[in-house]
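These notes are about the structure you will find just below.
Protein chains in written order, with our numbering: chain A, 473 to 903; chain B, 473 to 903.
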């Protein structure tokens, strides 16, 4: 009897999944969790900074007080009481919304998946920063959308580059379904869209009737506690806003949301019901009580303090240790630094050497849909302790120095300027 | 500035969602929750039968004992310790699997969604019982698959009808992506596939190299505690098995799973990661502790007792009250009875009268992808108390008697045989 799993021609599978391969990044993460390796790869929040006693208190009360509802099916849109609390979270960043505008999702990731499902047919165009969040690229690819990247620099995406892309699409008689952007402390770029550019980006979007999907996991994690006006705050009818509690509370409860204009929201509710019927009422009650009974903004302050310290450790060590020709972004919040290697180096090819030297990062190519990114890599400072971060950078620097020597010996080399943090960087331009 | 939500031509949306309308069933459920209405519509398990003190105990310990992992991101495949427990749940029905065969999903619904995403391109054929689970039909439709129904009777789907469908597809040069079936206490049919037919169905599937998706939410809820061999137990390489804790524990934790051959399982893990990164570790720990530390099979016994009593109340009252010409299935477990109305009656048209008479049900058409089902309706006995069920049936019977009188007065009528429970029923044949 032939086994179905051995079906060689793949014709059983949908088009969208025939080319699906085991993720390189997943294989990497499996290696990176070994204790001897300093992982600057993963984007896990440092949940050890949580007040566990407080979480325990919140969790314990939920079954006692809400058992019959907490253990039952919920609504497709999400628990009304939680949606009201999420409105308060958005308000902390100056975004106005009502609970009725929101659909609760399984983290921000499910919001991106449902948005892609709602808008994208095979071959449709989606615009996204280059580099962009790998999970978003995966969601768009799973509906066979084609991602075109919009260039960034140290102040976020370039409005002129966006205008160029849209003009080119107009000339082709095509239309982008939406722009996907992470305006605050971008993953993986580590940069934020300046206020001036926010207005410019929205002006371009208005001229071209472009929908904007604003993904904002890190907005409250600004090291100075500053907030920038959300795109949704500036143009509510044009912007779908994706939020999550994963970075300001816990990813283990899987609570995210999307705020959308009414007709779009209704369709997202239907897609949510089709995807998994409803969110867990139990974890929604936990989230609601956390936000309603605990000083959650103090917890955000604590996270900020932790990440600021780690980011400083990373940046200081990068300046001290990395070879000339490297440059990197200068985050004002979030989890990530984006590193550009000297000419001739390939972050994908170097990874095996880095792992041998007991340090892990994510190669840049995964953050582009178009094969770009080989001279870049992402460093995460969110999870390891400052000492580990410093040790990790020293290990990485050793690998890079050796590689630069090798390239120079093989191909000769002109002197290169020593990179520095804080200057606007041509983030995805290759040699 | 034009508002995006008012976009009239819908060209922003994907093909799959342009025809999406607000669900009739959702609108109905909103009405059916009014306290004056006896709802025989919803399929909510009677979670009040849970031992809340035990659930509280389980939940309370999780943060204390597993906080750092419970509140962090988890793996795409699901918590290994939980998967081992789910293997024990499957073993209680005689299905052998290993934890490594399983992918944890957000209820059974997400498993169906991911399976459809993995296999279905627009226009692809999926076979399903007629009638079939409305959530599965929705998931398949959301990937633009075309569902063809396979006839059933009181012993489940007809192997000859399956053979017919497959032969017809062969003649068309087409191939079904899979057969979707709920062999035990089917939703909405309330019937189970007999042992003999299980072998016959698998023989047909083998002859036509057909993949089978076996959805088994109700298998442990047999009123006599009997179990039938799962299709997966009979042919593990051909069958994807979907399970859930929603009906034997709680839907509020949203824990389901799929057991699949290795290559398919790996792809499902990748799709799960794309859909929402991972399941909640917190609720997975709660499920794991429930199954590991509580007498969960005793809880299943309690559920069984509750549902058996309610089913008896429903069947007895149907026999006593319904007009001649009605017939219905005779469940041996699960949540549902499938009712066939006398000729000339339409369950969709009658619903408004039923709601006025303060009783709700689900019209049959929602359980067919092809417009069939107007003479049928689904009655759920899972949630209301026996007295409410009896009252609901009396209200429904009054509406039906009046309607039968009306039809007879308008069109004349021959005497019809009084239907009875327990006889094999041509479940989806219309006049």
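Beta carbons: idealized from backbone N, C-alpha and C, even for Gly.
Small disclaimer: the values here were computed from a predicted structure and weren't measured.
Within the region 739 to 770 of chain A, those residues whose Cβ lies closer than 8 Å to any Cβ of chain B are, in chain order, 739, 742, 743, 745, 746, 747, 748, 749, 750, 751, 752, 753, 754, 755 and 758. Setting aside the 5 residues that flank it on each side, residue 856 of chain B is surrounded in the same chain by 510, 511, 512, 782 and 864, each with a C-beta closer than 8 Å to its C-beta; the list follows chain order.
By the neighbour-count definition (other C-beta atoms within 10 Å, threshold 16), residue 540 of chain B is an exposed residue. Beta-bridge annotation (DSSP): residue 652 of chain A is paired with A:600 and A:685. Of the candidates B:787, B:804 and B:811, the residue whose Cα lies closest to the Cα of residue 798 of chain B is B:811. Annotation: residue 587 of chain A has no Cβ neighbours in chain B at a cutoff of 9 Å; minimum Cβ distance is about 10 Å. Looking at B:851, B:587 and B:667, the one whose alpha-carbon comes closest to that of residue 711 of chain B is B:587. Sorting A:741, A:832, A:676 and A:875 by C-alpha distance to the C-alpha of residue 503 of chain A places A:832 at the top. With distances taken between CA atoms, residue 822 of chain B lies nearest to B:879 out of B:879, B:491 and B:568.
Comparing alpha carbon positions, the residue from B:485, B:814 and B:526 closest to residue 536 of chain A is B:526. Residue 782 of chain B: member of the alpha helix (DSSP H) spanning 768 to 793, first to last residue. C-alpha of residue 624 of chain B to C-alpha of residue 687 of chain B: approximately 16 Å in a straight line. Pairing residue 762 of chain A with residue 752 of chain B, the inter-Cα distance amounts to about 16 Å.
Unbroken alpha helix (DSSP H) runs of no fewer than 4 residues, entirely contained in the region 659 to 717 of chain B, are found at 667 to 679 and 703 to 706, following chain order. Short of 6 Å from the beta carbon of residue 531 of chain A, and not among the five residues preceding or following it, lie these beta carbons of its own chain, in chain order: 758. Here the C-alpha atom of residue 658 of chain A lies approximately 31 Å from the C-alpha atom of residue 749 of chain A.
Under a criterion of Cβ atoms nearer than 8 Å, no residue of chain B is adjacent to residue 637 of chain A; the nearest Cβ is some 18 Å distant.
Rounded to the nearest angstrom, the gap between the Cα atoms of residue 807 of chain A and residue 801 of chain B is 58 Å. With at least 16 other beta carbons inside 10 angstroms of its own, residue 578 of chain A counts as buried. Listed along chain A, no residue sits closer than 7 Å to residue 705 of chain B by beta-carbon distance, the nearest being about 15 Å off. In the same chain as residue 545 of chain B, and ignoring 5 residues on each side of it, the C-beta atoms closer than 8 Å to its own belong to 749, 750 and 753, in chain order. Counting of Cβ neighbours within 10 angstroms places residue 767 of chain A among the exposed residues, the total staying below 16.
Around the C-beta of residue 560 of chain B, fewer than 16 other C-beta atoms lie within 10 Å, and the residue is accordingly described as exposed.
Under DSSP, residue 584 of chain B forms no beta bridge with any residue.
Rounded to the nearest whole angstrom, the C-alpha separation of residue 704 of chain A and residue 542 of chain A is 32 Å. Its Cα nearest to that of residue 776 of chain B, the residue B:854 stands out among B:854, B:732, B:708 and B:824. Contact note: residue 592 of chain A reaches chain B through 486, using a C-beta cutoff of 9 Å and chain order. Annotation for residue 621 of chain B: the continuous beta strand (DSSP E) segment containing it runs 618 to 625. Beta-bridge analysis with DSSP links residue 835 of chain B to B:849. In this structure, the alpha-carbon of residue 638 of chain B lies about 8 Å from that of residue 647 of chain B.
Taking residue 581 of chain B as the centre and dropping the five residues before and after it, the same chain places the C-beta of 607 closer than 6 Å to its C-beta, in chain order. Note that the C-beta distance between residue 817 of chain A and residue 877 of chain A is not below 8 Å. For residue 827 of chain B and residue 698 of chain B, the gap between their C-alpha atoms comes out near 36 Å. Under the three-state reduction of DSSP output, residue 628 of chain A falls in the strand class. When DSSP assignments are scanned along the region 713 to 764 of chain B, the uninterrupted stretches of alpha helix (DSSP H) that are 4 or more residues long and fall wholly within it turn out to be 734 to 748. Look at residue 522 of chain A here: in three-state DSSP terms it is coil, with no helix or strand label.
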